[in-house]
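Residue numbers (the numbering used here): 3 to 307.
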């Protein structure tokens, strides 16, 4: 029984994820981690210095529990544009090029993340604005009903180009995030397996934690600037350079404002994302083309990544 089970696990481990699995797994993870993401945005944009606990208490006291899910429609839209694009491009690209080295993984991840950043820029803009509404005075709130309402109103009131405010920063962040998440996850998982760890949930979680830490460190300065630029009132900043300059006046640590909640959000999100992705891959993925050995086709001769 154990031999049969081991053979089945080995058989399933060789399955390849379908291009859309990343978006599906990420949307499920986002439903769980959305409140932490909301706290991260509020801490990055608030003028007063409040801890994550105090910020949460303030929102619960003033707005109620449901306020923790402000912007969830935009978050879902973001997963099915930004995340779906970058994971999809990486998955398709990895089937077309050799990604056996870290350099090649990094290159493909950067390309996928950059394209995904532009595709998901409008959803990212709506996501930040919906989340940030809870801290604004009543008369200054945008009060978008949901993500689609936000897209329509921004197009009518500010012009369609406004949907891509900060898109270059979103693309740059997408590049760094995808390198940190996908490239480091794949490389970490491969290294851990080669060190003798079995390819199971424990290895997936360990690799996810490594990738989340790297991704947070790489993207936090960009994330702070992007969030401030997207949430800025008309005329508040003359451009991205102005955002950098004004943020730097607050000190170098200003670029890492909200690092702890960012890591606390990204780590469980990344762990849940890759656990979901691995589950989908091993249960619903497809097998690579088998190699022909004599008159038989065998899957157990397919090389591991």
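C-beta atoms are modelled at their ideal positions from N, C-alpha and C, and glycine is treated no differently.
Please identify the residue among the options whose C-alpha is closest to the C-alpha of residue i.
i           : options               : result
residue 186 : 247, 203 and 209      : 209
residue 81  : 233, 270, 129 and 224 : 129
residue 21  : 85, 55 and 35         : 85
residue 174 : 183, 116, 149 and 95  : 116
residue 92  : 77, 109, 266 and 79   : 109
residue 276 : 56, 97, 76 and 184    : 184
residue 149 : 126, 138 and 168      : 126
residue 231 : 217, 222, 76 and 246  : 246
residue 169 : 54, 121, 161 and 65   : 121
residue 258 : 53, 223 and 166       : 223
residue 19  : 83, 66, 229 and 95    : 95
residue 229 : 31, 41 and 26         : 41
residue 281 : 243, 241, 207 and 72  : 207
residue 240 : 155, 196 and 167      : 167
residue 233 : 267, 138 and 154      : 138
residue 27  : 65, 90 and 66         : 90
Identify the residues that DSSP records as bridge partners of residue i: which are they?
i          : result
residue 18 : 288
Would you report the Cα separation of residue i and residue j, rounded to the nearest angstrom?
i           : j           : result
residue 179 : residue 213 : 9 Å
residue 134 : residue 200 : 43 Å
residue 304 : residue 74  : Any reading at residue 304 must be qualified, since the residue scores a pLDDT of 41, below 50, and its modelled position is unreliable; no value is offered.
residue 36  : residue 58  : 13 Å
residue 33  : residue 269 : 14 Å
residue 142 : residue 235 : 10 Å
residue 248 : residue 284 : 48 Å
residue 290 : residue 202 : 20 Å
residue 111 : residue 264 : 21 Å
residue 171 : residue 78  : 20 Å
residue 158 : residue 144 : 14 Å
residue 220 : residue 105 : 17 Å
residue 192 : residue 123 : 32 Å
residue 164 : residue 262 : 30 Å
residue 238 : residue 131 : 16 Å
residue 1   : residue 54  : One cannot answer for residue 1 here, as it falls past the ends of the chain, which runs 3 to 307.
residue 29  : residue 198 : 32 Å
residue 194 : residue 147 : 46 Å
residue 189 : residue 260 : 27 Å
residue 215 : residue 118 : 21 Å
residue 254 : residue 211 : 26 Å
residue 295 : residue 103 : With a pLDDT of only 45 at residue 295, under 50, the local geometry of the prediction cannot be trusted, and no value is derived from it.
residue 101 : residue 243 : 35 Å
residue 156 : residue 162 : 7 Å
residue 152 : residue 72  : 13 Å
residue 204 : residue 251 : 43 Å
For the alpha helix (DSSP H) that residue i lies in, which residues bound it at each end?
i           : result
residue 124 : 123-134
residue 234 : Per DSSP, residue 234 belongs to no alpha helix (DSSP H) and is neither H nor E.
residue 187 : 186-196
residue 169 : 169-180
residue 255 : Unbroken run through residue 255: none, as it is neither H nor E.
residue 85  : Unbroken run through residue 85: none, as it is neither H nor E.
residue 141 : Neither: residue 141 is in no alpha helix (DSSP H) and is coded neither H nor E.
residue 333 : Nothing about residue 333 can be reported from this structure: the residues present for the chain run from 3 to 307 only.
residue 183 : Neither: residue 183 is in no alpha helix (DSSP H) and is coded neither H nor E.
residue 250 : 242-250
residue 54  : 54-65
residue 157 : 149-160
Check the C-beta distance from residue i over to residue j and give it rounded, since I have them as a contact under 8 Å.
i           : j           : result
residue 287 : residue 88  : Wrong, their Cβ atoms sit about 18 Å apart, outside the cutoff.
residue 24  : residue 279 : 6 Å
residue 271 : residue 76  : Not a contact, Cβ separation roughly 16 Å.
residue 38  : residue 266 : 6 Å
residue 176 : residue 217 : Going by Cβ atoms, the distance from residue 176 to residue 217 rounds to 11 Å, so no, they are not a contact pair.
Does the CB of residue i have a neighbour CB from chain C at under 8 Å?
i           : result
residue 155 : Absence of chain C from the displayed structure is noted, only one protein chain being present.
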